[in-house]
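K.L.:
Take this structure first; my questions come after.
Numbering (this note's numbering), first residue to last: 4 to 127.
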């Protein structure tokens, strides 16, 4: 490889990593505020889940299911701050008692409940 090729390869790599860094920063700084008035009406749980998964990707996490008024409700977390949320969730897998020392944990995610008919209920 000659000097010109090395120079070009170096700058291509620098450009690639710069673009990757910018993309990660854009995603990490994405606004995860939900404007409930802009959410479409859904006909099923699957339709609603797909909408949120496409919008929020790996920040939209399944947490469990429940029954409310005879309907199955699926509970999700929309993670707004993974650096706070992840250690909090991991603390539940330890036998050691975990203590919440501030409210930041509860600000790090929103709870979204979706019933089998696609009805949405938000909890902050």
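For glycine and all other residues, C-beta sits at the position ideal for the given N, C-alpha and C.
1. Curious, which full-length beta strand (DSSP E) runs of at least 3 residues does the region 57-88 contain?
2. Quick check: residue 59 and residue 116, are their CB atoms within less than 9 Å of each other?
3. Could you spell out the range, first to last residue, of the alpha helix (DSSP H) harbouring residue 107?
4. Is residue 95 helix, strand or coil by DSSP?
5. Would you list the one or two residues that DSSP bridges to residue 125?
6. Using 10 angstroms around the beta-carbon of residue 48, count the other beta-carbons present and answer buried if the total reaches 16, otherwise exposed.
7. So, is the C-beta of residue 59 closer than 9 Å to a C-beta in chain B?
8. With C-beta atoms as the reference, is residue 112 less than 9 Å away from residue 82?
9. Please list, in chain order, all residues of the same chain as residue 76 whose beta carbon is under 6 Å from its beta carbon, the five residues on each side excluded.
P.N.:
Taking the definition as stated:
1. Runs of the beta strand (DSSP E) inside the region 57-88: 63-71 and 74-82.
2. Numbered from 1 along the chain shown, position 56 holds the residue referred to as residue 59. Numbered from 1 along the chain shown, position 113 holds the residue referred to as residue 116. Cβ distance not < 9 Å, so residue 59 and residue 116 don't count as in contact.
3. In the chain shown, the residue the question calls residue 107 occupies position 104. Where residue 107 is concerned, the enclosing alpha helix (DSSP H) stretches over 107-110.
4. As a position in the chain shown, residue 95 is number 92, starting the count at 1. Correct three-state label for residue 95: coil.
5. Numbered from its first residue, the chain shown carries residue 125 at position 122. Bridge pairing for residue 125: 115 [DSSP].
6. If you number the chain shown from 1, residue 48 lands on position 45. Counting the other Cβ atoms within 10 Å of the Cβ of residue 48 gives 16 or more, which makes it buried.
7. In the displayed structure, chain B is absent; only one protein chain is listed.
8. Here residue 112 refers to the residue found at position 109 of the chain shown. Here residue 82 refers to the residue found at position 79 of the chain shown. Yes, these two residues count as a Cβ contact at 9 Å.
9. Counted from its first residue, the chain shown places residue 76 at position 73. Closer than 6 Å at Cβ, skipping near neighbours: 69, 116 and 118.
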